[in-house]
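Report on the structure given below.
Numbering (our numbering), first residue to last: 255 to 490.
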């Protein structure tokens with residue numbers, strides 16, 4: 255989509271008209287602070303389609319409650335930010351950045367997560383669908399199993415809540431395993447996300463309790479390697 259240009263739709267008005275028309279001033283103020291509203295994306299499969307790796311109950315709650323809450327709070331924070339920007343309230347703008355990062359990151363991360371997964375019947379768990387990624391993994395870690403072990407170990411070690419990632423380093427032309435805290439997106443580390451695994455307890459507790467290693471062991475059976483391959487192709 256082409257960037258929206260306000261200038262293309264606004265005809266300059268005489269200063270006297272701007273100063274004497276309260277209705278016009280209000281309309282322009284509302285126009286200038288209009289922000290995009292983000293919406294919850296649909297899951298690309300039925301909520302129960304990833305079972306037994308991830309139960310339908312977890313997927314339903316995770317998607318419709320947790321992800322939706324991030325989007326709701328993001329929209330509120332962006333609206334407040336636009337209002338503060340229109341008023342030139344720099345202190346308020348700075349104060350809102352943490353909420354935008356947290357909730358915006360939650361939306362970005364979960365949107366990747368859903369597409370990074372696929373039912374076994376649709377190719378979930380089949381690394382053969384990612385020939386380029388598999389070749390790079392073999393070159394860097396020696397084997398897919400060695401990579402899985404390294405990825406899982408780093409993701410298990412995340413203190414509190416966060417994410418485990420396989421990212422692409424454009425500058426080095428290589429893959430990297432990384433972790434981020436809370437809802438920080440991988441872009442904050444300068445990497446392009448290829449595969450993200452949510453290790454917040456809400457992603458697995460109802461099924462795996464506090465045994466995060468078991469969750470990470472199971473999730474490989476539903477990783478959508480075709481999506482990982484596609485993301486790498488776009489990143490290069």
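Glycine included, each C-beta is placed from N, C-alpha and C at the ideal position.
Classification of residue i by the beta-carbon crowding that lies within 10 angstroms, buried from 16 upward
i: residue 452; result: buried
i: residue 278; result: Any reading at residue 278 must be qualified, since the residue scores a pLDDT of 41, below 50, and its modelled position is unreliable; the value itself is stated next. Exposed, since its Cβ has fewer than 16 Cβ neighbours within 10 Å.
i: residue 464; result: exposed
i: residue 426; result: exposed
i: residue 413; result: exposed
i: residue 291; result: exposed
Pick from the options that is closest to residue i, judged by C-alpha positions
i: residue 328; options: 362, 318 and 298; result: 362
i: residue 420; options: 352, 413, 406 and 411; result: 406
i: residue 449; options: 379, 425 and 414; result: 379
i: residue 461; options: 310, 428, 437 and 377; result: 310
i: residue 456; options: 432, 315 and 295; result: 315
i: residue 445; options: 326, 375, 346 and 489; result: 489
Beta-carbon contacts of residue i that lie in its chain and below 6 Å, excluding the five residues immediately before and after
i: residue 458; result: 469
Alpha helix (DSSP H) segment containing residue i, residue limits
i: residue 422; result: First-last for residue 422: 416-423, but that is the beta strand (DSSP E), not the alpha helix (DSSP H).
i: residue 310; result: 310-315
i: residue 455; result: Element bounds for residue 455: n/a, residue is neither H nor E.
i: residue 330; result: 322-341
i: residue 319; result: From DSSP, residue 319 is part of no alpha helix (DSSP H); its letter is neither H nor E.
i: residue 389; result: 385-395
Identity of the residues DSSP links to residue i by a beta bridge
i: residue 467; result: In the DSSP output, where bridge partners are listed per residue, residue 467 has none listed.
i: residue 430; result: 421
i: residue 224; result: With the chain covering 255 to 490 only, the question about residue 224 has no answer from this structure.
i: residue 371; result: 477
i: residue 435; result: 416
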